[in-house]
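Asker: Quick one: the structure is below, questions incoming.
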Amino acid sequence: MALVAGQARAPSRALGRADLHASVSDPVLDTMNFLNEITHRYPEAISFAPGRPYDGFFDTEQVFTHLRRYLEHLAGSGHTDAGIRDAIFQYGPTGGRIRDLVADSLAKDEGIDVPPESIVITVGAQEAMLLALRALIAGPQDVLLVSSPCYVGITGAARLLDVEVGAVDEEEDGFACAALEAALARERARGRRPRAFYVIPDHANPSGTTMSLEQRHALLDLADREGFLVLEDSPYRLVSPGRQLPTLKALDRAGRVVHLGSFSKTLFPGARVGFVVADQPVADGRGGEGLLADELTKIKSMVTVNTSPLSQAVVGGMLLAAGGRTRELNAAAAAYYEQAMRGTLRALDGCFTEAERAALGVRWNRPSGGFFLAMRVPFHAGNAALARSAEHFGVIWTPMSYFYPLGGGDRALRLSISYLSDTEITEGAARLARFIRAEAKEGRAAC
2 MALVAGQARA
12 PSRALGRADL
22 HASVSDPVLD
32 TMNFLNEITH
42 RYPEAISFAP
52 GRPYDGFFDT
62 EQVFTHLRRY
72 LEHLAGSGHT
82 DAGIRDAIFQ
92 YGPTGGRIRD
102 LVADSLAKDE
112 GIDVPPESIV
122 ITVGAQEAML
132 LALRALIAGP
142 QDVLLVSSPC
152 YVGITGAARL
162 LDVEVGAVDE
172 EEDGFACAAL
182 EAALARERAR
192 GRRPRAFYVI
202 PDHANPSGTT
212 MSLEQRHALL
222 DLADREGFLV
232 LEDSPYRLVS
242 PGRQLPTLKA
252 LDRAGRVVHL
262 GSFSKTLFPG
272 ARVGFVVADQ
282 PVADGRGGEG
292 LLADELTKIK
302 SMVTVNTSPL
312 SQAVVGGMLL
322 AAGGRTRELN
332 AAAAAYYEQA
342 MRGTLRALDG
352 CFTEAERAAL
362 GVRWNRPSGG
372 FFLAMRVPFH
382 AGNAALARSA
392 EHFGVIWTPM
402 SYFYPLGGGD
412 RALRLSISYL
422 SDTEITEGAA
432 RLARFIRAEA
442 KEGRAAC
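Now the structure itself:
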């Protein structure tokens with residue numbers, strides 16, 4: 002019966018969270034929301050939390066310049082006016098329009114020599130993770146192994162897809178292949194099949210550690226011997242100083258590495274353009290063979306359909322401007338982040354003498370690049386401590402416990418150096434030191 006004017010509609014029955022997918026109640030989602038809430042509640046606090054690029058290198062006019070460059074590239078490649086309109090305004094191929102430019106850039110920057118058809122252009126690296134997990138995890142017996150601590154994006158994607166996660170604990174100095182080998186044996190003893198291992202080998206988020214060349218070779222040998230794939234995620238290499246170790250994908254000779262990439266840290270964060278290199282052959286059971294990239298494209302067609310052609314066009318123009326060498330295009334950014342990391346380490350060194358560090362039980366690592374470093378503290382560094390830090394000392398950081406999928410990191414915190422000025426770093430470190438001393442004096446063991 003239709004409502005008459007002025008008649009009140011009965012209140013709708015509230016949905017029960019228990020009736021929704023379990024991922025919406027995942028503590029990681031709540032903790033990240035809490036971090037955002039703290040940041041907004043204390044806008045004057047100096048924040049070492051955000052891991053986003055410094056925006057001082059961006060200029061709005063660049064968007065139009067790079068878009069025009071890409072349009073000129075299309076015209077020079079023989080596209081008609083109608084074809085150019087289609088390339089910008091229409092959905093476009095699910096696998097992406099700039100795969101050839103990305104393949105050229107990977108060859109020049111990273112020594113990764115793959116055909117364009119083995120690349121899928123994604124909505125950021127986050128979609129690349131989701132596509133790879135959906136394709137590789139075939140059933141409830143399959144498990145994803147992750148280095149721990151671990152970037153929350155991969156564990157979040159796994160949670161959304163009901164993928165079981167196994168943790169491979171890192172030491173303070175980084176990944177050790179022996180720990181992965183033990184995790185493989187442990188999962189198989191439980192009747193599960195390890196399908197893939199996710200790792201950030203260079204300047205990892207959150208720990209800042211970098212895998213040695215020896216461990217890279219050992220990891221690839223183990224993957225080939227034990228029959229699992231490696232999901233390599235390395236977004237900080239091209240914004241880090243100095244010569245980088247080879248990517249796992251560049252070293253891979255057995256087709257064991259699926260390389261996840263993003264232009265968010267190097268070229269244009271807001272474009273949300275990432276990619277996945279999936280050149281592994283896939284047999285169709287009828288005597289034919291394709292690429293894993295083809296299978297990921299099928300999944301993408303049911304997720305995002307395609308990646309924004311306009312975003313691809315701007316990123317494509319940037320790649321063209323750099324001649325495919327994004328490392329050279331990012332030289333100034335890499336120098337900036339190097340100075341910020343050194344400034345942060347110098348400020349911390351100035352705030353704590355070696356004797357005080359030993360007495361308090363405070364220590365931190367010294368990453369060679371990237372955006373993050375990890376600090377050990379003598380108290381429970383959870384949400385309650387973060388709230389006190391922001392309210393009473395005006396400094397914000399990220400609890401490392403957020404990044405441990407199976408628990409851990411309770412007495413550690415992550416500092417991001419990417420978005421602060423030298424003055425803010427110096428003052429922020431001083432505030433952090435005062436907070437740490439106060440917590441240690443109170444003898445807070447847990448809260």
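Converting from the sequence shown to my numbering requires adding 1 to each position, the first position being numbered 1.
Glycine is no exception: its CB is placed at the ideal position from the N, C-alpha and C atoms.
#1: Looking at the unbroken beta strand (DSSP E) that takes in residue 167, where does it start and where does it end?
#2: Report the start-end ranges of each beta strand (DSSP E) in the segment 71-156 that is 3 residues or longer and not cut off at the edges.
#3: Does DSSP put residue 342 in a helix, in a strand, or in coil?
#4: Using the C-alpha atoms, what's the distance from residue 159 back to residue 112?
#5: In whole angstroms, give me the CA-to-CA distance for residue 382 and residue 253.
#6: Using 6 Å as the cut-off, classify the Cβ of residue 295 as near or not near the heavy atoms of the ligand ADP, replying yes or no.
#7: For residue 372, which of 342, 397, 395 and 48 has the nearest alpha-carbon?
#8: My output table needs one value for residue 375: the three-state DSSP class, helix, strand or coil.
#9: What would DSSP say about residue 399, mapped onto helix, strand or coil?
#10: Which residues bound the alpha helix (DSSP H) around residue 417?
#11: Nearest to residue 332 by alpha carbon, out of 197, 421, 204 and 244?
#12: Mind checking whether residue 302 and residue 95 have CB atoms under 7 Å apart?
#13: If you run the structure through DSSP and keep just helix, strand and coil, what is residue 295?
#14: Identify, in the order they occur along the chain, each residue of the same chain with its Cβ nearer than 8 Å to the Cβ of residue 430, setting aside the five sequence neighbours on each side.
#15: I'd like the list of long-range same chain contacts for residue 438, defined as Cβ closer than 8 Å, with 5 residues on each side in sequence excluded.
#16: Does DSSP put residue 22 in a helix, in a strand, or in coil?
#17: Go to residue 318, then tell me how far its alpha helix (DSSP H) extends in each direction, as first and last residue.
#18: What is the DSSP secondary structure of residue 422, reduced to helix, strand or coil?
#19: If you scan the segment 193-230 from start to end, which runs of the beta strand (DSSP E) of 3 or more residues do you find wholly inside it?
#20: Return yes when the Cβ of residue 267 is within less than 7 Å of the Cβ of residue 327, no when it is not.
#21: Would you kindly work out how many angstroms separate the C-alpha atoms of residue 294 and residue 44, rounded to a whole number?
#22: Output yes or no for whether 7 Å exceeds the beta carbon distance between residue 10 and residue 318.
#23: Which whole runs of the beta strand (DSSP E) in the segment 221-288 are 3 residues long or more, in chain order?
#24: Rounded to whole angstroms, how far is the Cβ of residue 419 from the Cβ of residue 140, which I believe are closer than 8 Å?
#25: What would DSSP say about residue 57, mapped onto helix, strand or coil?
#26: Consult DSSP for residue 441 and reduce its assignment to one of helix, strand or coil.
#27: Could you tell me if residue 150 is buried or exposed, where buried requires 16 or more neighbouring beta carbons within 10 angstroms of its beta carbon?
#28: Leaving aside the five residues before and after residue 260 along the sequence, list all residues of the same chain whose C-beta is less than 6 Å from its C-beta, in chain order.
#29: Let me check one thing: in DSSP terms, what residues is residue 364 bridge-paired to?
#30: Three or more beta-carbon pairs under 8 Å between the segment 154-170 and the segment 184-194, yes or no?
#31: Spatial neighbours of residue 440 within its chain, please: CB distance less than 6 Å, with the 5 preceding and 5 following residues excluded, ordered by chain position.
Answerer: The short version:
#1: 165-170
#2: 120-124 and 143-149
#3: helix
#4: 30 Å
#5: 39 Å
#6: Annotation note on the ligand ADP: not contained in the displayed structure, which lists no ligands.
#7: 342
#8: strand
#9: strand
#10: Run containing residue 417: none in the alpha helix (DSSP H); it sits in the beta strand (DSSP E), 413-417.
#11: 244
#12: yes
#13: helix
#14: 345, 348, 349, 351 and 352
#15: 361
#16: coil
#17: 310-322
#18: coil
#19: 194-200
#20: yes
#21: 44 Å
#22: no
#23: 230-234, 258-263, 274-278 and 282-284
#24: Not really, about 39 Å apart at Cβ, beyond 8 Å.
#25: helix
#26: helix
#27: buried
#28: 233, 250 and 278
#29: 377
#30: yes
#31: 380
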